[in-house]
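This report concerns only the one structure given below.
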Amino acid sequence: MRRLPLAGNGKILDTLATYHEQHRDEPGPGRERLRRMALPMEDEALVLLLIEKMRESGDILSHHGWLHLPDHKAGFSEEQQAIWQKAEPLFGDEPWWVRDLAKETGTDEQAMRLTLRQAAQQGIITAIVKDRYYRNDRIVEFANMIRDLDQECGSTCAADFRDRLGVGRKLAIQILEYF
């Protein structure tokens with residue numbers, strides 16, 4: 001077990017490098033997945049501690065829970081970048097369904113779905129339900145509204161949140177269920 005930190009560091013770094021080569025468009029695996037991929041037979045708590053120490057030292061980085069090597073940048077493919085350039089300006093305060101955004105931009109629905117998933121992995125937008133996305137700054141605003149309602153009323157119900165936000169009941173519930 002005492003050899004694990006030194007040998008484990010190398011194994012984790014090698015595993016991440018291989019992962020990035022095979023999945024260039026993805027930000028990286030989560031902690032549990034990296035543990036299972038790199039050191040599946042070692043003590044779980046010890047490996048997770050090692051991963052955390054490597055993150056603290058800067059050997060590996062974390063972005064929205066995804067672990068990656070410092071030089072790895074997941075991003076859009078050329079096709080996705082072109083789609084995102086059309087879609088991004090349309091994201092205002094209201095959410096978009098994949099199908100509606102694809103129609104609005106004249107883009108194939110599946111290509112739009114993959115592009116929006118990639119944008120979500122990069123932390124630009126968030127899916128509140130499958131295929132329905134908000135800008136991340138709106139998600140932060142919703143969290144603050146929920147917190148304010150909770151402090152004012154002692155709890156948050158769909159009707160109060162709906163009224164404060166000025167949206168329909170169904171959307172208010174989708175947002176609340178996201179949290």
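Just so you know, we're using the UniProt record's numbering here: the sequence shown kicks off at 1 and counts up by one.
Even for Gly, the Cβ is constructed at its ideal location relative to N, Cα and C.
Report back the beta-carbon spacing between residue i and residue j to the nearest angstrom; my notes put them in contact at under 8 Å.
| i | j | result |
| --- | --- | --- |
| Thr115 | Ile83 | 4 Å |
| Ala45 | Thr15 | About 19 Å separates the two Cβ atoms, so there is no contact after all. |
| Leu67 | Gly30 | 7 Å |
| Val98 | Asp71 | Actually they are not in contact, since the Cβ atoms of Val98 and Asp71 sit about 32 Å apart, beyond 8 Å. |
| Arg164 | Leu176 | The Cβ separation is near 11 Å, so there is no contact. |
Spatial neighbours of residue i within its chain, please: CB distance less than 6 Å, with the 5 preceding and 5 following residues excluded, ordered by chain position.
| i | result |
| --- | --- |
| Ile12 | Ala38 |
| Met1 | Residue confidence is low: Met1 scores 42 on pLDDT, short of 50, so the model does not pin down where it sits. No coordinate-derived value is stated. |
May I ask you to report which of helix, strand or coil DSSP gives residue i?
| i | result |
| --- | --- |
| Leu16 | helix |
| Arg2 | With a pLDDT of only 47 at Arg2, under 50, the local geometry of the prediction cannot be trusted, and the value read off the model is given with reservation. Residue state, collapsed to three classes: coil. |
| Asp43 | coil |
| Cys153 | helix |
| Gly166 | coil |
| Lys11 | helix |
In the DSSP assignment, the beta strand (DSSP E) including residue i goes from what residue to what residue?
| i | result |
| --- | --- |
| Leu61 | 61-63 |
| Leu67 | 66-68 |
List the endpoints of the continuous alpha helix (DSSP H) containing residue i.
| i | result |
| --- | --- |
| Leu176 | 169-178 |
| Glu26 | Run containing Glu26: none; DSSP gives neither H nor E here. |
| Lys73 | Note, Lys73: premise wrong, no alpha helix (DSSP H); not H, not E. |
| Leu34 | 31-38 |
In its own chain, which residues sit with a C-beta less than 7 Å from the C-beta of residue i, not counting the 5 before and 5 after it?
| i | result |
| --- | --- |
| Glu104 | Leu90 |
| Ala102 | Asp108, Glu109, Met112 |
Check your understanding: For the segment 75-150, which segments carrying the alpha helix (DSSP H) assignment without a break, of at least 4 residues, lie completely within its bounds, in sequence order?
Key -> 78-87, 98-105, 109-121
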